[in-house]
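Numbering (our numbering), first residue to last: 729 to 853.
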Amino acid sequence: MTTAEARTYATAKLDPELEKYATHKALSDISATLFYHQQQKTVMRGTVKRDPEVVKIDLDADPASATVEDCADSSRYDEVDAETGEVIKKKTSGDRRHVMKAEAFQNKAGDWRFFTHTIERDETC
Numbered sequence: 729m730t731t732a733e734a735r736t737y738a739t740a741k742l743d744p745e746l747e748k749y750a751t752h753k754a755l756s757d758i759s760a761t762l763f764y765h766q767q768q769k770t771v772m773r774g775t776v777k778r779d780p781e782v783v784k785i786d787l788d789a790d791p792a793s794a795t796v797e798d799c800a801d802s803s804r805y806d807e808v809d810a811e812t813g814e815v816i817k818k819k820t821s822g823d824r825r826h827v828m829k830a831e832a833f834q835n836k837a838g839d840w841r842f843f844t845h846t847i848e849r850d851e852t853c
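#1: Can a CB atom of chain B be found closer than 7 Å to the CB of M772?
#2: In terms of DSSP beta bridges, what is I816 paired with?
#3: At the level of alpha carbons, what is the spacing between Y805 and R825?
#4: Pull up the DSSP beta-bridge partners for M729, would you.
#5: Is it buried or exposed for T848, if we count other Cβ within 10 angstroms and need 16 for buried?
#6: Can you find the residues in the same chain that come closer than 6 Å, C-beta to C-beta, to G774, ignoring five residues on each side of it along the sequence?
#7: Kindly provide the ranges of any beta strand (DSSP E) runs that are 3 or more residues long and lie completely inside the segment 765-852, ordered along the chain.
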């Protein structure tokens with residue numbers, strides 16, 4: 729999901745693969761961020777280093793569910809002007825390593841979908 733999310737932000741267009749991995753709030757949050765970038769005429773460049781870990785899984789639930797926590801390091805990921813490529817100055821300073829929390833479920837076809845995907849901006853890692 730995060731690869732399709734990154735392609736979405738890099739192109740300012742919804743990546744067609746994204747809906748294979750994200751649904752509900754996760755998809756709407758990504759779409760809202762995409763809308764912001766389209767309105768600002770910006771895209772994202774660089775990479776986010778990740779270290780995801782499944783911290784809870786319940787395969788007996790209906791549907792099966794999982795909780796994933798991740799340390800997302802965005803220190804090499806910048807918002808840039810889509811036309812000029814100029815890096816946009818950040819409005820805030822501070823640590824760019826934040827905890828990401830996500831909830832997923834397994835659909836009837838057996839595919840996993842993230843339904844939440846939240847940056848915990850007050851939690852660094």
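Even for Gly, the Cβ is constructed at its ideal location relative to N, Cα and C.
Predicted model only: the values in this text are computed from it and were never measured.
Taking the coordinates as given:
#1: Given the protein chain composition of this structure (a single chain), no chain B is represented.
#2: None, per the DSSP bridge assignment.
#3: 11 Å
#4: According to DSSP, M729 bridges with nothing at all.
#5: Looking at the sequence shown, residue 848 is not Thr but Glu. Exposed is the call here.
#6: R804, Y805 and D806
#7: 770-777, 781-786, 793-809, 825-834 and 840-852
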